[in-house]
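What follows is one structure encoded as structure tokens, with my remarks underneath.
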Amino acid sequence: MSIESQIPIPEVSLVIPVYNEEESLPTLATEIARAMAGTLRPYEILFVDDGSTDGTPAALAALARTDRRVRVLRQRRNSGQSAALAAGFRHARGEVVVTLDADLQSDPADIPLLLAPLSEFDVVAGVRTRRRDNWLRRVSSRIANRVRNRLTHEAITDTGCSLKAFRASYLVHIPVFTGMHRFLPTLLRFQGARVTEVAVHHRPRLYGQPKYNIRNRIFRATADLLAVRWLESRFIDPRLTEEIDVWTTIPTGSPSASPDKPSFSAASSSSGSLPNGARKASSPGPSGS
Numbered sequence: 005m006s007i008e009s010q011i012p013i014p015e016v017s018l019v020i021p022v023y024n025e026e027e028s029l030p031t032l033a034t035e036i037a038r039a040m041a042g043t044l045r046p047y048e049i050l051f052v053d054d055g056s057t058d059g060t061p062a063a064l065a066a067l068a069r070t071d072r073r074v075r076v077l078r079q080r081r082n083s084g085q086s087a088a089l090a091a092g093f094r095h096a097r098g099e100v101v102v103t104l105d106a107d108l109q110s111d112p113a114d115i116p117l118l119l120a121p122l123s124e125f126d127v128v129a130g131v132r133t134r135r136r137d138n139w140l141r142r143v144s145s146r147i148a149n150r151v152r153n154r155l156t157h158e159a160i161t162d163t164g165c166s167l168k169a170f171r172a173s174y175l176v177h178i179p180v181f182t183g184m185h186r187f188l189p190t191l192l193r194f195q196g197a198r199v200t201e202v203a204v205h206h207r208p209r210l211y212g213q214p215k216y217n218i219r220n221r222i223f224r225a226t227a228d229l230l231a232v233r234w235l236e237s238r239f240i241d242p243r244l245t246e247e248i249d250v251w252t253t254i255p256t257g258s259p260s261a262s263p264d265k266p267s268f269s270a271a272s273s274s275s276g277s278l279p280n281g282a283r284k285a286s287s288p289g290p291s292g293s
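Those letters in the sequence shown? Residues 5 to 293, per the working numbering, in order.
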């Protein structure tokens with residue numbers, strides 16, 4: 005029996021974008037293993053190297069050699085966090101996808117807190133408590149959240165928190181664009197996903213330099229926000245469509261029973277309820293028309 009055949013199919017896929025984080029990776033891998041051991045759920049780790057220029061590729065290769073649950077994807081050039089996440093989503097095999105940063109500011113010990121609500125929800129978004137960033141980043145993030153929520157009719161407390169969990173089935177059809185990562189709960193709510201939030205820890209950066217600053221975020225974030233607002237106003241909800249069951253079974257002996265006459269009955273009742281087996285969304289769709 006090969007080593008690969010002994011590895012269980014993962015239930016959880018951890019998708020982690022990486023850019024020049026070689027010093028953080030060994031600690032991160034150790035903390036993930038410790039956190040996931042308590043969940044008793046088979047998992048895989050997809051590190052997506054976004055064109056790193058330091059020793060990150062070698063560090064990732066070393067992790068993959070020592071742990072078969074580690075998979076490494078590499079972008080041919082630096083393409084940004086959204087592109088790295090989209091690549092991870094495409095390759096993830098688990099029914100649940102968890103995202104987090106590689107810089108150790110996200111605490112892997114919080115992963116079980118994200119997994120628990122998925123019995124009732126489809127998206128669980130982390131909310132950073134006691135953020136360990138400077139005052140300018142905290143204030144700008146708070147303002148950006150308020151503007152983003154106002155324009156997209158949302159109520160996500162901390163869209164900038166990378167620690168999130170998703171049912172993988174909802175990630176298949178999301179629109180992929182630069183800046184997508186800032187709006188994942190909103191984009192999935194378009195599809196009827198049930199969204200909730202949990203408080204998570206936030207830690208100071210130990211190695212390397214932040215990849216974002218106010219100057220390189222404000223214009224991009226504004227453009228992305230307007231694009232999502234436009235998408236929300238033009239979104240076509242696939243849940244509006246229902247299949248009509250034309251050929252229904254008519255009880256034997258019924259006066260109207262005839263092999264030549266189909267009975268035309270809708271798959272849903274006139275009250276608007278969904279067909280048997282279909283799940284009604286727990287949250288309203290986009291308000292745009």
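Yeah, the Cβ is synthetic: ideal placement off N, Cα and C, and Gly gets one too.
Whether residue i touches residue j by CB criterion (8 Å)
i: residue 125; j: residue 175; result: no
i: residue 26; j: residue 60; result: yes
i: residue 83; j: residue 181; result: no
i: residue 128; j: residue 200; result: yes
i: residue 81; j: residue 55; result: yes
Cβ-Cβ separation, residue j to residue i (assumed contact under 8 Å), whole Å
i: residue 14; j: residue 47; result: 5 Å
i: residue 172; j: residue 96; result: 6 Å
i: residue 49; j: residue 72; result: About 10 Å; that fails the 8 Å criterion.
i: residue 67; j: residue 33; result: 5 Å
Neighbourhood of residue i by C-beta distance below 6 Å, restricted to the same chain and skipping five residues each side
i: residue 40; result: 47
i: residue 90; result: 180
i: residue 52; result: 21, 77, 88, 91 and 92
i: residue 192; result: 127 and 174
i: residue 162; result: 131 and 132
i: residue 211; result: 27 and 28
i: residue 79; result: 54 and 55
i: residue 184; result: 86
i: residue 266; result: The predicted model places residue 266 with a pLDDT of 45, which falls under 50 and marks its position as unreliable; any figure quoted below should be read in that light. 250 and 251, listed in sequence order.
Which listed residue (the options) has its alpha carbon closest to that of residue i
i: residue 19; options: 210, 248, 167 and 202; result: 167
i: residue 104; options: 207, 27 and 112; result: 112
i: residue 108; options: 193, 70 and 28; result: 28
i: residue 106; options: 88, 122 and 201; result: 88
i: residue 132; options: 165, 78 and 114; result: 165
i: residue 12; options: 114, 98, 245 and 187; result: 98
i: residue 159; options: 185, 190, 186 and 184; result: 190
i: residue 194; options: 185, 178 and 209; result: 178
i: residue 35; options: 184, 208, 114 and 186; result: 114
i: residue 64; options: 188, 187 and 23; result: 23
i: residue 62; options: 45, 43, 44 and 30; result: 30
i: residue 45; options: 110, 187, 102 and 185; result: 102
i: residue 208; options: 184, 110, 248 and 188; result: 110
Simplified DSSP assignment, three categories, for residue i
i: residue 44; result: coil
i: residue 280; result: Note on residue 280: pLDDT 42, under 50, position unreliable in the model; the coordinate value appears next. Three-state DSSP puts residue 280 in coil, outside helix and strand.
i: residue 185; result: helix
i: residue 21; result: strand
i: residue 272; result: For residue 272, the predicted structure reports a pLDDT of 38, less than 50, and the residue's modelled location is therefore unreliable. A value from the coordinates is still provided. Coil.
i: residue 106; result: coil
i: residue 98; result: coil
i: residue 163; result: coil
i: residue 291; result: Because residue 291 sits at a pLDDT of 43, beneath the cut-off of 50, its placement in the model cannot be relied upon, and the following sentence gives the value as read from the coordinates. In the structure shown, residue 291 sits in coil (DSSP, three-state: anything other than H, G, I, E or B).
i: residue 92; result: helix
i: residue 63; result: helix
i: residue 125; result: coil
i: residue 50; result: strand
i: residue 133; result: coil
i: residue 114; result: helix
i: residue 210; result: coil
i: residue 200; result: strand
i: residue 81; result: coil
i: residue 38; result: helix
i: residue 193; result: helix
i: residue 72; result: coil
Beta-carbon contacts of residue i that lie in its chain and below 7 Å, excluding the five residues immediately before and after
i: residue 117; result: 202 and 204
i: residue 134; result: 206
i: residue 262; result: With a pLDDT of only 48 at residue 262, under 50, the local geometry of the prediction cannot be trusted, and the value read off the model is given with reservation. Same-chain partners within the cutoff: there are none.
i: residue 43; result: 116 and 119
i: residue 69; result: none
Cβ shell of residue i (< 8 Å), same chain only, five flanking positions each side left out
i: residue 100; result: 15, 16, 17, 119, 122, 169, 170, 171 and 172
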